[in-house]
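Beneath this line is the structure, given in structure tokens, with notes to follow.
Protein chains in written order, with the working numbering: chain A, 15 to 352; chain B, 15 to 352; chain C, 15 to 352; chain D, 15 to 352.
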């Protein structure tokens, strides 16, 4: 067992800084020893804030450092696959934010590099580590709802990302829904075989002009006969709306939003309670910590990460199928993709 | 204004008796003066229980009675259209349980008879009168959620009906989902244009052997671009699950189940609250009363019923489209039907 | 078994009309045959509204009518005891609104008349028949919370009664808290031995000028060692607040308010749900029906009413103890009263 | 402004370790440089776990260290006052767990030492920093409920402490209720003037044999006329029950428990949700962090701590009054104490 895992961070943007803080202060088993960002200033600010010894604009410095056991890839999506391959070839375990890439061939190349090298790869599907969803998953896995019949996932952001981001994001199905595709696979023990997606531009015409949609309902047909739906909006004015429900032969389990406080205020007009936590940094902070703890523990104890390369690939296939379904207005089998 | 509306009831089964009790004891403006049922005994029992002066096995007696202003049709579905036509020709206002018929030509004939006679026709889509759904509808209509983007309807029965009933019911889309098709139209001000239905036999193989399915998810595309889903199961072991959610540009409104009491019990194992009210007689008793009050008031005040013949026809079109979609596994436009 | 119970109503005010409607339309086993009110007009209006054959300003007419089996006393409090005695002597069963009287000697005289005559007497502590409180009581009785340790009763009105009413009401402890004293006895199987009451005039100075208070917290010491509190306010601006909680060695049961609908509205400002049902007519309609059904059934089946004369007397003792405690600012034993 | 606050920890028991972890990993502005515990081993384990440079069994080492700016006192209650005085004389700011002492003269001596030295003193009433209670307090302070009339505090532990601890704890009012006395003062802007306490031994006879009680209800009379209650039990089998409600002329605010996840499970038997978080380490972890952040910030920015010496003294007066009230079964004015 490795007593301390030396970690290099690639990408010091918003999510990179979340992992930096986690690794620096919350996981004693990890040493965050280097941070790289194409913007030197971002790397340096991150290093200063989280007491990281080395800041660089060149990720190669991290790949070349023999003392580093693992890398956390939080750079822009178009660099993920290449950095995974480089890290794998350098013998470093990899934690990578989703998605691996928007192109299956590119993903497959990265996954082959990982397999060839034998390093561990964990994908950043953080919601699996959220206490609410985890509880739902565990209840389903324990058979408490019997045979699953129906799965509903609601996942609405409080506000859309900048249009410039949307343009390079792969669109809603590969950027936002991808988390829900993973959730759909996580909640019950069956793969999705067919997808039907409808949607539209309801939030902001600029999103439509960028070639994307901002609202969608995706219907899923699972191999075991179960049916799922995913509801996505880029803008829920009341905050981050993240719920699931799984219904089966013996009951159901439903997960509600988290709220910042439980105070309920009653006056002559109404009874008011808190809105959901605003966005992913608020809602999933505990999940970000948990996934990173698991990643570090997998390295220390030489066990397999719970979210693997194939778990990173399948949601991309689902996203591509959703786009095809949306464009052709028909159910599309996953087997039609790739 | 008619001071008292004389009413004849046709069909003294479960729902017929609900209306009988309502008319006999809860609506002073109505006199329930006759009941007809093909089973004489049922008519007589109903008459005895609710102090109805006349019981008969022949509905013609009711149509021929000049003192009767209105009829309530609660007989089996295959008789609805014919009784509507007869009542209309006899100049009697009609309240009819859903559906009018399973065949559009038959429906149209009945609606023409109604139109020709000028009598009022109200369809028994009771859920519109449920305080929860009514509140949701009113909030949407008042613009509180802005432009509607998404509609979700969950409608699960606690237990399936007898297979013999299922065989003549028109199947899940025309028997169960039909209520939700009406709800989908009621909640927002737009018609559904296209339907995609998937489903399966998950509850009881006997339902499948009868040519029906017992679980379905229907996706709706509204004319205004909004998207809806309907989730139906013939068996939710925890009771009647009747919820809706409408999400829009300025917020959302969600309706939960009704429960028999608010007691919450906490012990060393868990925190437990009451299951939803068991089934429609428990959940919708207030709605049954409200719809009948409105029907009687429309007659008294010579106003238009809020649920009309066309409101009875469109959900049948939707049900037929859903069956076609299910069978062909593709989205079906309502314009393809009829 | 009496097939139909003939009932005379004394007092056609607000609560009298509630019972009139219930008896006229909801309880087929009862015939409401007469109504008396000191205001002839009120009696006549009530008779017209609920199809009661006889209206009179003289209750003696009811006592003298041999066809009448039972009387419902809803007249002003100062007449309750005398009417109970007269009814008893006339051999009529009695349902009487709370309190029997504000004076224990007067109460005892009435109870003696009841006992001497052998008629049944049921007190109008309607809350025992509310589904929420009934469920709490049943859970406690079934041992689900183990040995009861703590009882909390919250009972706040939405608005104070007119000051003229307050002046003759016996004050908050005998008018409002009296319901909660009964609830305190109903919830667990032990009598209260000692009471400590503090309070003040917080809602309306006019209530203080009338010699009453409008807000109070009463602490109860039960014979079995359990401790209770009652929280009363004459004005909760958000509506009728009626909750209880019983806590014991094996768990707790807590009862929340009833709401008119379950719709939850989320917007950019907050998450809003419905206020509690406004007041007793809304909240306890089901309880009023249930208590009257039980009373009629007790007569038909010759069984004992569940809320007896002594159940009417003890809360008055508690109210008197509370007043003494409030005035002397010390715990007062019930044994000090009477 | 001090860039980094050097902190010494005295007492490495359960709560000491909570603060150690917080200071070591969650507050970059603090350096935890030393830990003292009368049990050398405990000090050393704490030092090892949280990377504290110095471990000692002698707190004097900390007082004598000129580099140390502040001390955190988490030792046994009987040492608090003396350590406060020593720290103050050594010019070190003090964060001290409650209570300062069980004896007012001892408290006063410590507070005088603090005042003479000019150091800052913050008391460990962590619940003020809980997001739920803070929200309630802020709503009250913002006038959202108008004039406060009623305050209810429910505070039940999941399990009693060891009897050996109880024996030296000062009893329930000085050990458990003391937190609620502080909460009672925190929630509204008025001091408590009079206390009436009743209680008993309901959980464990051994607690009674140790001279303590395990269940109590305390009634509070505030200077402004408001009334409060505190409900304490040493054992709620369903977990840590920590709720408050403040009711006023314009509305109310009520705070519910925190739960580990929002999953709701419905089956044929019931609808089940999660029990409250188990105990203070689970429920108040965020509050422990927040109070420590505030303490460090007060030192850095030379501002006054929000929970002062007098805030530490008054709840002890209240506890002593409660004991006297309980023993004499009468309301006791705080002015009778001291």
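All C-beta atoms, glycine included, are put in the ideal place defined by N, C-alpha and C.
Small disclaimer: the values here were computed from a predicted structure and weren't measured.
- Shortest Cα-Cα distance from residue 268(D) to any of 277(D), 331(D), 258(D) involves 258(D).
- With respect to residue 327(D), residue 114(D) sits close: the two C-beta atoms are nearer than 8 Å.
- Scanning 120(D), 83(D), 255(D), 215(D) for the CA closest to the CA of residue 171(D) turns up 255(D).
- Proximity of residue 153(C) to chain B, defined by a Cβ-Cβ separation below 8 Å, is satisfied.
- Membership of residue 261(C) in the beta strand (DSSP E) is indicated by the continuous run 255 to 262.
- The beta-carbon of residue 107(B) is placed no less than 8 Å from the nearest beta-carbon of chain C.
- Residue state for residue 155(D) is assigned as helix, using DSSP reduced to three classes.
- Residue 84(B) places its beta carbon less than 8 Å from that of residue 106(B).
- Sequence-ordered contacts of the stretch 255 to 287 of chain D with chain C read 255, 259, 261, 262, 263, 264, 265, 266 [C-beta pairs closer than 9 Å].
- A straight-line Cα-Cα distance of about 54 Å links residue 62(D) and residue 276(C).
- Contact with chain D is absent for residue 181(A), since none of that chain's Cβ atoms lies less than 8 Å from the residue's Cβ.
- Distance between residue 322(B) and residue 241(B), taken at the CA atoms: about 24 Å.
- One thing to note: residue 284(D) has its Cβ no nearer than 8 Å to the Cβ of residue 149(B).
- Residue 77(B) and residue 91(B) have their C-alpha atoms roughly 18 Å apart.
- Considering only beta carbons, the part of the stretch 125 to 149 of chain D lying closer than 9 Å to chain A consists of 144, 145, 146, 147, 148, 149, in chain order.
- In this structure, residue 120(D) and residue 95(D) form a Cβ contact; the two beta carbons are roughly 5 Å apart against a cut-off of 8 Å.
- Under the Cβ criterion (8 Å, minimum of three pairs), the stretch 334 to 342 of chain C does not count as touching the stretch 125 to 144 of chain C.
- A buried status is given to residue 209(C), since no fewer than 16 other beta-carbon atoms sit within 10 Å of its beta-carbon.
- When only Cα atoms are considered, residue 136(A) and residue 213(B) end up about 35 Å apart.
- Scanning 46(D), 271(D), 282(D) for the CA closest to the CA of residue 253(B) turns up 282(D).
- Contact between residue 265(A) and residue 160(A) holds: CB atoms are separated by about 7 Å, below the 8 Å threshold.
- In the structure shown, the three-state DSSP call for residue 37(C) is helix.
- Listed along chain C are 212, 213, 214, 229, 230, 231, each with a C-beta nearer than 8 Å to that of residue 241(D).
- With its beta carbon less than 8 Å from one in chain D, residue 158(A) belongs to the interface.
- Counting the other CB atoms within 10 Å of its CB gives residue 147(A) a total of 16 or more, which places it among the buried residues.
- Within chain D, no residue has its beta carbon less than 9 Å from that of residue 170(A); the closest one is some 16 Å off.
- DSSP, read as helix, strand or coil, puts residue 245(C) in strand.
- Under DSSP, residue 113(C) takes part in no beta bridge, so it has no partner.
- For the stretch 22 to 47 of chain B, the residues whose beta carbon sits under 9 Å from a beta carbon of chain C are, in order, 38, 39, 40, 42.
- Identification of chain A residues near residue 252(C) by a Cβ-Cβ cut-off of 7 Å yields 280, 281, 282, 285, ordered along the chain.
- Residue 78(C): not part of any beta strand (DSSP E); member of the alpha helix (DSSP H) spanning 73 to 78, first to last residue.
- With contacts defined by Cβ atoms closer than 8 Å, residue 89(B) and residue 22(B) do not form a contacting pair.
- Look at the stretch 199 to 226 of chain B and you find these whole runs of beta strand (DSSP E), each 3 residues long or longer: 206 to 214.
- Residues of the stretch 49 to 60 of chain C with a C-beta atom less than 8 Å from some C-beta of chain D do not occur.
- Per DSSP, residue 118(D) is one residue of the alpha helix (DSSP H) stretching across 118 to 131.
- Secondary structure at residue 16(B): coil, using DSSP grouped into helix, strand and coil.
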